[in-house]
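Participant: In terms of our numbering, the sequence shown opens at residue 103 and continues consecutively. Idealized CB from N, CA, C, for every residue including glycine. So that we are looking at the same thing, I have put the structure below in structure tokens.
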Amino acid sequence: MYHIAKEVPLIKKESIDKETSLYVWKCVENIDKLRSLVAIDEEDLVKLNNFGNPNRKIHFLIVRIICHQLTGSSKIHYNDEGKPFIASTNKHISISHSHDYVAVLLSANSNIGLDIQRKEEKIIRIRERFLNLQENQLIDPNNIEQLTILWCAKESIYKIHGDPTVFFKEHITIHSSSGFQSPHLTAELNHTLYSDIHHLKFEILENYVLVYTVFDSN
Numbered sequence: 103m104y105h106i107a108k109e110v111p112l113i114k115k116e117s118i119d120k121e122t123s124l125y126v127w128k129c130v131e132n133i134d135k136l137r138s139l140v141a142i143d144e145e146d147l148v149k150l151n152n153f154g155n156p157n158r159k160i161h162f163l164i165v166r167i168i169c170h171q172l173t174g175s176s177k178i179h180y181n182d183e184g185k186p187f188i189a190s191t192n193k194h195i196s197i198s199h200s201h202d203y204v205a206v207l208l209s210a211n212s213n214i215g216l217d218i219q220r221k222e223e224k225i226i227r228i229r230e231r232f233l234n235l236q237e238n239q240l241i242d243p244n245n246i247e248q249l250t251i252l253w254c255a256k257e258s259i260y261k262i263h264g265d266p267t268v269f270f271k272e273h274i275t276i277h278s279s280s281g282f283q284s285p286h287l288t289a290e291l292n293h294t295l296y297s298d299i300h301h302l303k304f305e306i307l308e309n310y311v312l313v314y315t316v317f318d319s320n
């Protein structure tokens, strides 16, 4: 079993099931502090220094701190589809970051995905790009929180395969039997290569929406 060291400032650590754990970190540290918490190799140091945005550097370091504390390795590799994995373990990983938050889902199961996004009005302007007819009937089209939940849910499902031929509007449909009164969602992925049903859960963290896959809808 992996343990997070006490000095790591997680705001959320949750066992989703016996194989899957969720970790959420609120970014309050500066880059120098984060650099002192993890050793990275020369390749990752080059990547870090190439980021122009300081927040991107902070996100990069936090993900590697979490991975090192959990697995003993801060090195994250990516396959041809851009899906991250940790070569030194049998663990699959899904990563998301938005402004002040970083989220990591770690599991022995490969069918995982998560997304975290700040609730912002711009989601209304792009809703027609990712909502299909069925989903338009499910939600209030001007409800920023509901729109963000659906976006995060679709992003989470997309990350399972990492296939660029999967499109949010055409191939992924999100269902909520309770009108978002329950945090549990169901997703259908209908593609020429995939026909899957997935379960997800959403949470609201301050002004952010977090959605992640689960293996039991209850």
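Are the beta-carbon atoms of L302 and L287 separated by less than 7 Å?
Facilitator: yes
Participant: Check whether the region 155-167 and the region 204-212 touch, using three or more Cβ-Cβ pairs below 8 Å as the test.
Facilitator: yes
Participant: Return the chain-ordered list of same chain residues with a C-beta closer than 8 Å to the C-beta of P285, the five sequence neighbours on each side being excluded.
Facilitator: K303, F304, E305
Participant: Out of G154, I113, K256, Y125, point me to the one whose CA is closest to I133's CA.
Facilitator: G154
Participant: Under the three-state reduction of DSSP, which class applies to I178: helix, strand or coil?
Facilitator: coil
Participant: Mark S123 as exposed unless 16 or more other C-beta atoms lie within 10 angstroms of its C-beta, in which case mark it buried.
Facilitator: buried
Participant: Would you decide whether Q239 is buried or exposed? Buried here means 16 or more other CB atoms lie within 10 Å of its CB.
Facilitator: exposed
Participant: Check whether the region 272-279 touches the region 177-184, counting contact only when three or more Cβ pairs, one atom from each stretch, lie closer than 8 Å.
Facilitator: No: the two stretches stay apart, fewer than three of their Cβ pairs being nearer than 8 Å.
Participant: Within 10 angstroms of the Cβ of K193, are there 16 or more other Cβ atoms? Answer buried if so, exposed if not.
Facilitator: buried
Participant: Helix, strand or coil, according to DSSP, for L302 in the structure here?
Facilitator: strand
Participant: Report the three-state DSSP secondary structure of T294 (helix, strand or coil).
Facilitator: DSSP places T294 in coil when its eight states are reduced to three.
Participant: With DSSP as the reference, identify every bridge partner of S206, one or two as the case may be.
Facilitator: The sequence shown places Val at residue 206, not Ser. In DSSP, V206 forms a bridge with Y125, I197.
Participant: What separation, rounded to the nearest whole angstrom, lies between the Cα atoms of E183 and K149?
Facilitator: 19 Å
Participant: Going along the chain, which unbroken runs of the alpha helix (DSSP H) with 4 or more residues stay wholly within the region 221-289?
Facilitator: 224-227, 229-232, 235-240, 246-263, 270-273
Participant: Measuring CB to CB, does S198 end up less than 7 Å from I226?
Facilitator: It is not a contact, given that the beta carbons lie outside the stated cut-off.
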